[in-house]
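Going by full-length UniProt numbering, the first residue of the sequence shown is number 1, and it counts up by one from there.
These notes concern the structure reproduced below.
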Amino acid sequence: MPRDDEPLAGWLDRIERDARLTEPARWRERDEVLDQLDGWRTVVDASGDRTLPQRFDVLEARLQAVDHALHGALRESIRSGGGHDTLLGLVRAGAVSGAGQAPSSDRYDALDAFIGGVLDLAPGETDLQPLGTDMVFYQPTPARHIFDALDQLRLGPGDVLMDLGAGLGHVPLLAAICTSARCIGIEWQAAYVVAARARAADLGLVRAAFVQGDLCEADLGEGTVFYLYTPVSGTLLRRVLDRLRGEAERRPIRLCTLGPCTEVVAGEAWLRADGPCDRHRPVVFRSR
Ligand SMILES: C[S@@+](CC[C@H](N)C(=O)[O-])C[C@H]1O[C@@H](n2cnc3c(N)ncnc32)[C@H](O)[C@@H]1O
């Protein structure tokens, strides 16, 4: 952001000279500058100045190229089995400079752009199936909550994480990269499952699998940890929780929830929460 009273051209001079912005770990600062360029674009284009728009274009292209190369290098690192350390190192590097953000906020931030660039998940031009009553439309878990959940869950090689309503698969994919657990996404929308499977195969993530189906009917027998970013509500949520209680009678399980379903899950007598039940951040529950 230009400092108080700093002319836009002066801010641009300063940013263009800032060599740190092209250091790979500075993805958060790059995202901030790209946002600022975007915000100023209309003013600059309307200003009549001939050089400023060109300088905006050059700077934007330079920063995007750094990010593009970083995302590609990270994908290579994941393919060769070193993705865990590289990805978590970069996430932590960005987290330091982003300190002070409200952890409970639901909004997306630079970490989502960064993870989005690495996973590059998009369904093809396929029609989505209509959702039934009580089925919740796709909205990905903000990336910082995924890392928070993984920190809390400390998944090990004996764990099988099941994301119930996995969408495009961010949670199982990141969990397969960052932990030693097996990860399964169950998702109603076939187009999302196709995209998630393609990315898992591309990245060589043999511990990530995706099943197309209704989470109210799917086989939950392998799961030790179930992730729910409120995929369903009302009677469907009731049905899923009853099924999970049935699983818990056979083995200890954990649930990790985010969003409005947390309040419903918190009322289940067969579960106890590890910490305070706040719908705005992941909460881990254990079967009693
Ligand atoms: C809020 S999104 C969560 C996506 C993902 N878990 C994440 O956190 O990034 C809910 C997802 O659940 C899926 N869904 C809703 N009802 C479902 C059902 N009965 N069976 C399987 N998936 C369902 C939706 O298609 C959507 O992708």
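All C-beta atoms, glycine included, are put in the ideal place defined by N, C-alpha and C.
Predicted model only: the values in this text are computed from it and were never measured.
Residue i beta carbon near ligand 1 (any heavy atom closer than 7 Å)
| i | result |
| --- | --- |
| Gln139 | yes |
| Thr230 | yes |
| Cys261 | no |
| Gly284 | In the sequence as displayed, the identity of residue 284 is Val instead of Gly. The answer is no for Val284. |
| Asp214 | yes |
| Tyr192 | yes |
| Gly89 | no |
| Asp163 | yes |
| Leu174 | no |
| Leu131 | yes |
| Leu236 | yes |
| Gly167 | yes |
| Gln152 | no |
| Ile186 | yes |
| His170 | yes |
| Val44 | no |
| Val136 | yes |
| Gln64 | no |
| residue 289 | Since the first residue shown for the chain is 1 and the last is 288, residue 289 is missing from the structure and cannot be characterised. |
Close beta carbons around residue i, own chain, < 6 Å, minus the five adjacent residues each side
| i | result |
| --- | --- |
| Tyr227 | Asp163, Val171 and Cys256 |
| Leu174 | Ile146 |
| Leu70 | Pro24 |
| Ile184 | Met162 and Ala209 |
| Gly100 | Low local confidence applies: a pLDDT of 49 at Gly100 is under 50, so the model's placement there is unreliable, with the coordinate-based value given in what follows. So no residue of the chain qualifies. |
| Asp127 | none |
| Gly98 | With a pLDDT of only 44 at Gly98, under 50, the local geometry of the prediction cannot be trusted, and the value read off the model is given with reservation. If we look at Gly98 and ignore the five residues flanking it on each side, its Cβ neighbours are Arg28. |
| Val193 | Glu187, Phe210 and Gln212 |
| Gly10 | none |
Pair within 8 Å by beta-carbon distance, residue i and residue j
| i | j | result |
| --- | --- | --- |
| Ala191 | Pro252 | no |
| Arg182 | Val211 | no |
| Pro282 | Asp112 | no |
| Val33 | Leu63 | yes |
| Trp27 | Ala143 | no |
| Arg254 | Arg272 | no |
| Ala264 | Leu244 | The amino acid occupying residue 264 in the given sequence is Val; Ala does not appear at that position. No, they are not a contact pair. |
| Leu88 | Ala196 | no |
| Cys216 | Arg239 | yes |
| Asp134 | Gly275 | no |
| His280 | Asp151 | no |
| Arg92 | Leu203 | no |
| Leu168 | Val225 | no |
| Thr141 | Leu258 | yes |
Own chain residues within Cβ distance below 7 Å of residue i, not counting five before or after
| i | result |
| --- | --- |
| Thr86 | Leu74 and Ser77 |
| Asp214 | Trp188 |
| Trp40 | Leu8 |
| Leu119 | His170, Leu173 and Arg199 |
| Asp57 | none |
| His84 | Ile177 and Cys178 |
| Pro53 | Val44 and Asp45 |
For residue j and residue i, believed in contact at Cβ under 8 Å, the rounded distance
| i | j | result |
| --- | --- | --- |
| Leu176 | Leu205 | Per the sequence shown, residue 176 should be read as Ala rather than Leu. Correct: roughly 4 Å between the Cβ atoms. |
| Cys261 | Thr230 | 4 Å |
| Arg30 | Leu21 | 6 Å |
| Gly117 | Asp45 | That belief does not hold up - the Cβ atoms of Gly117 and Asp45 are roughly 26 Å apart, past 8 Å. |
| Gly82 | Phe114 | At roughly 18 Å, the Cβ-Cβ gap does not stay under 8 Å, so Gly82 and Phe114 are not in contact. |
Close beta carbons around residue i, own chain, < 8 Å, minus the five adjacent residues each side
| i | result |
| --- | --- |
| Gly156 | Thr179, Ser180 and Ala181 |
| Gly59 | Looking at the sequence itself, residue 59 is Leu, so the reference to Gly does not match. The residues are Leu12, Ile15, Glu16, Val33 and Leu37. |
| Gln129 | Trp188, Gln189 and Ala190 |
| Leu131 | Phe137 and Trp188 |
| Gly223 | Val160, Leu161, Met162, Ile184, Glu247 and Ile253 |
| Gln139 | Gly167 and Tyr229 |
| Glu268 | Leu241, Arg245 and Phe285 |
| Trp270 | Arg245, Ala248, Ser287 and Arg288 |
Residue-level contact to chain B via CB, residue i, 8 Å cutoff
| i | result |
| --- | --- |
| Val171 | Given the protein chain composition of this structure (a single chain), no chain B is represented. |
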